[in-house]
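The structure appears below as structure tokens.
As structure tokens, then:
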């Protein structure tokens, strides 16, 4: 009852596939939705928010379906990818006028609008017309509008686009704060190196299908066709490399460019770590051992391909 | 379905607050004002011309002006000005926001689609009545003022003037309700609401050729039943207008009683709004494909 649930959901636009046979249960926390353009991310988000109806299957958010609009949209906030606003409104008017649709009193509406505007740091610009806002400011006022009614489920389509580094880190902190309060924060993004920083869970999509979902580390462990990469920092990288070459579970060894470590590819991480312990007892000073490819970028490249990841 | 009238009332007020601003102050809606107030221009011109040429009015010229006013109101104001004005106002309530990619803000609020349709219809209706009802009220003094205070007073207070004015205002309001409901539904149902609007225009125009029963399946028939003076095509052409193009527009069956016309127009509008609300429940946002 607390998850966002997709039950065998498919969406077709006439003959064109949007998403196909999606089964998901998204728990509270920050979840990133990643995939190349046209992979079905926005379709999935639009279905969570009730802007699109599944052709098959059903979507239930915390036990409520989008058809029950009066309950559903008190629970859900959505900042879409559309960079469009009603004409002639200031930032404050934009947040305030749609909040009135929730039936709040004028006083509560103003209080909630200011609270949301303060959370995204736009108080000073709130009296200006949105038409004069920068891309980053427009992103933030959309975010304010989406969080103003304090939703438990926040769906954000490319929310970091156009933000400068400071606004970016403040916005990420806001997502994490909302998740810490028990909310679902579902974010679609193209920026893979931020996925690890932002998210508790990741959903990877390609060509309308969910190709992987869960925690990045767990997803990486299940990709058996790509040997695990491990970066070892030590005092005798050449010696260590010569020792590792002969071992069965080691597929490849490369000396690191700074010659202070080596990159090892192995088919069995557990076996390799046992072997490393044994070698370390024989005179090699090992400073650190760290997985080198259990981040979102690597997992994405293995599952979807490096060409797609650049889009 | 639990009725939550207080919430729905507040939501309708909120919708009207957003939409009225857009409807009244949009630059792209300027042509609607021009269309609505177009009849005043020749009327005021007629007044100024008569004033310069020395006047000299009597009961006969007032009678002629009453006929001319009926012609302008029924041929131009109802059939063209209010018709196209309602296309501009009501068809844009949904379709215009689809084009602007801002309709989703409404659909992401905890508002029943039925409430949204009613709220938007009332927004459009308020704007249309202020613009077209207001213009109808202004047209009356613009047309008749030049007859002088005494004759005007006699016509308005002791003659049929006041009842004519009320009937014309009522016809304008009901035209906004009737056409407005149809064009709102067209905006919900069609990607290009101009196509059904053109279809309706043709249907209303060929109404004079249709059998009696089909003539009643229109908005204009009921509106003309409310107008106090019959369509003056014959008189306008001095009795030789049998082949006039104007005659094509005359609905030559007996008009319905005014109260029946009012009830029927309200029923048509109510039915269309309920239908549009039911279809709006299935509405999806796919701006990219529009």
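Protein chains in written order, with the working numbering: chain A, 8 to 318; chain B, 25 to 314. For each residue, glycine too, the CB sits at the ideal point set by N, CA and C. For clarity, every value in this text was computed on a predicted model and none was experimentally measured.
Cβ neighbours of residue i in the same chain (closer than 6 Å, five flanking residues each side left out)
i	result
residue 316 of chain A	In this prediction, residue 316 of chain A scores a pLDDT of 47, lower than 50, which makes its location untrustworthy; the coordinate-derived value is nonetheless stated afterwards. For residue 316 of chain A, where only same-chain residues beyond five positions count, the Cβ hits under 6 Å are 307, 308.
residue 180 of chain B	186
residue 209 of chain B	296, 300
residue 183 of chain A	none
residue 297 of chain A	238
residue 195 of chain B	247, 250, 251
residue 93 of chain B	167
Rounded distance between the beta-carbons of residue j and residue i, thought under 8 Å
i	j	result
residue 27 of chain A	residue 215 of chain A	5 Å
residue 86 of chain B	residue 170 of chain B	Their Cβ separation, rounded to whole angstroms, is 10 Å, which puts residue 86 of chain B and residue 170 of chain B out of contact at 8 Å.
residue 133 of chain B	residue 80 of chain A	6 Å
residue 158 of chain A	residue 86 of chain A	Actually they do not touch by this definition, with Cβ atoms about 11 Å apart.
residue 279 of chain A	residue 257 of chain A	7 Å
residue 244 of chain A	residue 263 of chain A	7 Å
Close-in-space but distant-in-sequence residues of the same chain around residue i (CB under 8 Å, 5 per side omitted)
i	result
residue 244 of chain B	102, 103, 228, 231, 275
residue 204 of chain B	110, 113, 114, 145, 148, 149, 152, 293
residue 193 of chain B	157, 160, 161
residue 179 of chain A	167, 201, 204, 205
Sequence-distant residues of its chain with Cβ nearer than 7 Å to residue i (five each side left out)
i	result
residue 214 of chain B	220
residue 242 of chain B	227, 228, 231
residue 90 of chain B	253
residue 223 of chain A	203, 209, 301, 302, 303, 306
residue 56 of chain B	109, 112, 113, 155
residue 60 of chain B	105, 109, 155, 156, 159
residue 156 of chain A	81, 84, 106, 109, 119
residue 275 of chain A	256
residue 25 of chain A	18, 19, 47, 50, 215
C-alpha distance - residue i paired with residue j, whole-angstrom precision
i	j	result
residue 130 of chain A	residue 150 of chain A	14 Å
residue 265 of chain B	residue 99 of chain B	Only weak support is given to the placement of residue 265 of chain B: the predicted model assigns it a pLDDT of 45, under 50, and the value that follows is read from those uncertain coordinates. Residue 265 of chain B and residue 99 of chain B: Cα-Cα distance of roughly 15 Å.
residue 123 of chain A	residue 114 of chain A	14 Å
residue 176 of chain B	residue 250 of chain B	23 Å
residue 273 of chain A	residue 226 of chain A	17 Å
residue 50 of chain B	residue 107 of chain B	19 Å
residue 225 of chain B	residue 105 of chain B	12 Å
residue 74 of chain B	residue 166 of chain B	12 Å
residue 119 of chain B	residue 280 of chain B	35 Å
residue 15 of chain A	residue 160 of chain A	21 Å
residue 249 of chain A	residue 230 of chain A	27 Å
residue 181 of chain A	residue 187 of chain A	10 Å
residue 37 of chain B	residue 174 of chain B	44 Å
residue 348 of chain A	residue 312 of chain A	Not covered by the structure: residue 348 of chain A. The range shown for chain A is 8 to 318.
residue 23 of chain A	residue 76 of chain A	28 Å
residue 258 of chain B	residue 211 of chain B	Residue confidence for residue 258 of chain B is low, a pLDDT of 49 falling below 50, so the modelled location carries little weight and cannot support an answer.
residue 190 of chain A	residue 121 of chain A	21 Å
residue 161 of chain B	residue 189 of chain B	7 Å
residue 125 of chain A	residue 60 of chain A	34 Å
residue 247 of chain A	residue 281 of chain A	14 Å
residue 62 of chain A	residue 21 of chain A	10 Å
residue 125 of chain B	residue 233 of chain B	42 Å
residue 289 of chain A	residue 283 of chain A	10 Å
residue 78 of chain A	residue 62 of chain B	48 Å
residue 269 of chain A	residue 293 of chain A	11 Å
residue 148 of chain A	residue 168 of chain B	54 Å
residue 219 of chain A	residue 228 of chain A	12 Å
residue 141 of chain B	residue 304 of chain B	8 Å
residue 239 of chain B	residue 137 of chain B	33 Å
residue 35 of chain A	residue 12 of chain A	12 Å
residue 102 of chain A	residue 202 of chain B	34 Å
residue 67 of chain B	residue 163 of chain B	7 Å
residue 32 of chain B	residue 58 of chain A	21 Å
residue 218 of chain B	residue 123 of chain B	14 Å
residue 205 of chain A	residue 33 of chain A	16 Å
Contact list for residue i against chain D, beta-carbon separation under 8 Å
i	result
residue 81 of chain A	Absence of chain D from the displayed structure is noted, the protein chains being A and B.
Can you find at least 3 beta carbon pairs, one from the region 39-53 of chain A and one from the region 212-227 of chain A, that sit closer than 8 Å?
-> Short answer: they touch.
Quick check: the region 45-52 of chain A against the region 193-204 of chain A, are there 3 or more CB pairs under 8 Å?
-> yes
Length-filtered (4 minimum) alpha helix (DSSP H) runs lying within the region 24-58 of chain A | If we require 4 residues or more, the alpha helix (DSSP H) runs fully inside the region 24-58 of chain A come out as 48-55.
At which residue ranges does the region 156-186 of chain A contain complete beta strand (DSSP E) runs of 3 or more residues, listed in the order of the chain?
-> The DSSP assignment places complete beta strand (DSSP E) segments of no fewer than 3 residues inside the region 156-186 of chain A at 160-164, in order along the chain.
Pairing CB atoms from the region 84-97 of chain A with CB atoms from the region 152-165 of chain B, are three or more of them under 8 Å?
-> no
Please determine if the region 161-177 of chain A and the region 134-144 of chain A are in contact, where contact requires at least 3 C-beta pairs separated by less than 8 Å.
-> At 8 Å Cβ cutoff, the stretches touch.
What are the uninterrupted segments assigned as alpha helix (DSSP H) that are 4 or more residues long and contained completely in the region 203-237 of chain B, given in chain order?
-> 218-229
Using 8 Å as the Cβ pair cut-off and three pairs as the minimum, do the region 238-247 of chain A and the region 59-77 of chain A touch?
-> Too few Cβ pairs lie closer than 8 Å, so no.
Those runs of the alpha helix (DSSP H) which lie wholly inside the region 229-297 of chain A and span at least 4 residues | 244-252, 276-287
Residue ranges of each alpha helix (DSSP H) within the region 55-82 of chain A, 4 or longer = 76-82
Mind listing, in chain order, the continuous alpha helix (DSSP H) runs of no fewer than 4 residues lying wholly within the region 86-142 of chain B?
-> Listed in chain order, the complete alpha helix (DSSP H) runs (minimum 4 residues) inside the region 86-142 of chain B are 107-124, 128-131.
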